[in-house]
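In terms of this note's numbering, the sequence shown opens at residue 69 and continues consecutively.
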Amino acid sequence: MITRKLLVTIIGFLSFAATQAQTKAPIKFIDLANMDNNVKPGNDFYKYANGSWIKNNPVPASKTRWSTFGVLAEEANKSLRGLLEDAAKNPGKNRLNQMVGDFYASAMDSVAIEKAGYTPIKAELERLGRISSLDEIINEIATLRTRGIASPLFGFFV
């Protein structure tokens with residue numbers, strides 16, 4: 069019995085040891101290729117630290133600023149758009165894909181949106197127009213918050 073347990077343990081250990089660990093590319097916290105070594109750090113540290121990145125990544129004409137976070141946001145938005153368009157065109161049998169696809173398709177249907185005008189939110193706007201006191205404003209802000217609508221006065225985010 070002990071021999072059997074020992075044998076199973078050894079086989080388990082050897083099979084675990086025999087599996088190859090996947091090697092991941094090391095994470096670069098500081099990419100030296102983005103630095104401009106032609107600039108002395110004492111003269112312009114920002115250009116020294118970021119000069120090559122700035123040269124290789126000009127601000128797009130449609131943007132007022134550009135950074136690595138901008139690049140990440142563009143890539144994420146492109147991926148999300150692809151997922152949404154795919155869900156709209158090919159929802160399959162998945163109910164969640166169907167709902168996401170329908171929601172996206174309805175948001176992209178500018179003809180239907182223009183035709184509807186402000187009718188879908190007319191009652192909401194009229195209700196807001198009837199607010200006449202500070203207490204009603206406070207209650208409305210609380211109501212909007214509970215419905216997932218951000219307040220026009222302040223916001224919280226992380």
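Even for Gly, the Cβ is constructed at its ideal location relative to N, Cα and C. From a predicted model like this one, the values you see are computed outputs, not experimental measurements.
Terminal residues of the alpha helix (DSSP H) in which residue i lies
{"i": "T211", "result": "202–214"}
{"i": "W134", "result": "It is not in any alpha helix (DSSP H) - W134 carries neither H nor E in the DSSP assignment."}
{"i": "A117", "result": "113–124"}
Beta carbon of residue i nearer than 8 Å to that of residue j
{"i": "Y172", "j": "A155", "result": "yes"}
{"i": "I205", "j": "I199", "result": "yes"}
{"i": "K115", "j": "V127", "result": "no"}
{"i": "I209", "j": "L221", "result": "yes"}
Beta-carbon proximity list for residue i, same chain, < 7 Å, skipping 5 on both sides
{"i": "S135", "result": "none"}
{"i": "G30", "result": "Coverage of the chain is limited to positions 69 through 226, which leaves residue 30 absent and any answer about it impossible."}
{"i": "D104", "result": "K115, Y116, G119, S120"}
Cutoff 8 Å; reference residue i; Cβ partners in own chain excluding five residues on either side
{"i": "G138", "result": "K131"}
With a cut-off of 8 Å, do at least 3 Cβ pairs link the segment 118–130 to the segment 95–105? Segments in contact, yes.
Tell me the start and end of each unbroken alpha helix (DSSP H) in the segment 131–189 that is at least 4 residues and wholly inside, in chain order. 136–157, 163–176, 178–184
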